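*Asks:* The numbering of the sequence shown is my numbering, which starts it at 22 and goes up by one.
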Amino acid sequence: MGMRVVFTGGSGKAGRHVIPELLKKGHQVLNLDLEPLKQPDVYTLKTDLTQPGQVFNALCGQFKLLSPNPPGVPPTPDAVIHFAGMARNMLCTDDETFRINTLSAYNVIDAACKLGVKKIILASTGSVYGADFASGDIDYESFPIDEEIDVNPMDTYAISKMCVERIARGFARRFGVDIYCLRIGNVIEPHEYEGDLFHSYVNEPQKWKNHSWSYTDARDLGQICNLGLEKSGLGFQVFNAANDSITSKNPTMKFLKEQCPNTPFTREMGEFEAPMSNVKVKKVLGFKEEHHWENYFPVVVGK
């Protein structure tokens, strides 16, 4: 049976592909965003998530514009998926990036928990591992990059996401709810596989240490969200939300030893395993990649 899901930031790069995956599973979705979503079955309610009153009202309201409305109080959403916020640095000033990301997440989590929502999924980022947006050439702590690694970022965007994870952990403990934080990799939309940027990922991999030579297909991210909705009772969790393979035609360990000679390995890695490990999300949630980059890349790059 489908769930009533409030999705924030559904009009953004990731959200506009995740929401159709939720609809395929029969979920009813309300999109909270400042911009409309071109999805006929989803209503977008314009909401400033940094305003707690607006967040509370949005989570208490109807999912569609109806006339007349059904009698009584609308039922509490079954789940909230929070993707809204500043998606990187330099979209606005640093103080605004931090304010918007932390305050909007706090307001969403606070309202959801106090209204009795039992499942919250949050968009965090692989940038918390510290190399992306770093000041200087910073090595990862170890390979593979998994959820046990200490997060120690230095840029405002990643610090804001690290703070969001800590907020989530506290609320999960206080209210006894499930809050799953997804450390999302470099999100790739379907059309981007044919573009110059993805060509560079594959053919000039030495340039892309900041992305950990990993990626997240936007549709597979939708699958991860669906699996998170289905799996309950885990409390607070952090999952790397990434696809299976390195974005390179070079075997993973050989390539990483050449690019990061001072970074240790904590285990043997698969021949073309992504440096940002998705072992946990596969083991715990049952994720199975559906959109491997080589199935869409226009040039055959034999391994």
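Quick reminder that beta carbons are idealized off the backbone N, C-alpha and C, glycines included. Small disclaimer: the values here were computed from a predicted structure and weren't measured.
Buried or exposed: where does Q258 fall if 16 or more other Cβ atoms within 10 Å of its Cβ makes it buried?
*Replies:* On the sequence shown, position 237 is the one that residue 258 refers to. It is buried - the Cβ of Q258 has at least 16 other Cβ atoms within 10 Å.
*Asks:* Strictly by DSSP, which residues pair up with D199?
*Replies:* As a working mapping, residue 199 is identified with position 178 in the sequence shown. Answer is K140, bridged to D199.
*Asks:* If you reduce the DSSP assignment to three classes, tell me which class Q75 lands in.
*Replies:* To locate residue 75, count along the sequence shown from 1; it is residue 54. Q75 falls in the helix class under three-state DSSP.
*Asks:* If the criterion is Cβ atoms closer than 8 Å, does the pair I245 and L203 meet it?
*Replies:* For the purposes of this step, residue 245 is taken as residue 224 along the sequence shown, with counting starting at 1. For the purposes of this step, residue 203 is taken as residue 182 along the sequence shown, with counting starting at 1. Going by C-beta atoms, I245 is nearer than 8 Å to L203.
*Asks:* Name the one or two DSSP bridge partners that E56 has.
*Replies:* Here residue 56 corresponds to residue number 35 of the sequence shown, with the count starting at 1. Answer is none; E56 lacks a bridge partner.
*Asks:* In the structure shown, what three-state DSSP assignment does R37 receive?
*Replies:* As a working mapping, residue 37 is identified with position 16 in the sequence shown. Looking at R37 - three-state DSSP - the assignment turns out to be helix.
*Asks:* Quick check on DSSP: helix, strand or coil for V322?
*Replies:* Indexing the sequence shown from 1 puts residue 322 at position 301. Its pLDDT being 45, under 50, V322 is placed unreliably by the model, and the measurement read from it follows with that caveat. Three-state DSSP puts V322 in coil, outside helix and strand.
*Asks:* Could you check the C-alpha separation between D153 and G191 for me, to the nearest Å?
*Replies:* Start at 1 with the first residue of the sequence shown, and residue 153 comes out as number 132. Start at 1 with the first residue of the sequence shown, and residue 191 comes out as number 170. Taking the straight line from one Cα to the other gives about 26 Å.
*Asks:* Would you report the Cα separation of F318 and Y222, rounded to the nearest angstrom?
*Replies:* Position 297 of the sequence shown, counted from the start, is the residue given in the question as residue 318. Position 201 of the sequence shown, counted from the start, is the residue given in the question as residue 222. The alpha-carbon atoms of F318 and Y222 are separated by roughly 11 Å.
*Asks:* Rounded to whole angstroms, what is the Cα-Cα separation between E169 and K252?
*Replies:* Residue numbering aside, residue 169 sits at position 148 when the sequence shown is read from its first letter. Residue numbering aside, residue 252 sits at position 231 when the sequence shown is read from its first letter. The alpha-carbon atoms of E169 and K252 are separated by roughly 21 Å.
*Asks:* Under the assumption that L80 contacts L136 (Cβ atoms under 8 Å), give the Cβ distance between them as a whole number of angstroms.
*Replies:* For the purposes of this step, residue 80 is taken as the residue at position 59 of the sequence shown. For the purposes of this step, residue 136 is taken as the residue at position 115 of the sequence shown. Right, the Cβ-Cβ distance comes to about 6 Å (below 8 Å), so this counts as a contact.
*Asks:* Got a sec? Which residues, its chain only, sit under 7 Å from V321 by beta carbon, not counting five neighbours each side?
*Replies:* On the sequence shown, position 300 is the one that residue 321 refers to. In this predicted model, V321 has a pLDDT of only 45, less than 50, meaning its place in the structure is not dependable; the value taken from the coordinates is given anyway. For V321, there are no CB contacts under 7 Å within the same chain when 5 residues up- and downstream are skipped.
*Asks:* What is the C-beta distance between S233 and I166, in whole angstroms, given that I count them as a contact (C-beta under 8 Å)?
*Replies:* Your numbering for residue 233 matches position 212 in the sequence shown. Your numbering for residue 166 matches position 145 in the sequence shown. With 8 Å as the limit, S233 and I166 qualify as a contact, their Cβ atoms being about 6 Å apart.
*Asks:* Kindly confirm or deny that the segment 176-195 and the segment 277-294 touch, where touching means at least three C-beta pairs closer than 8 Å.
*Replies:* no
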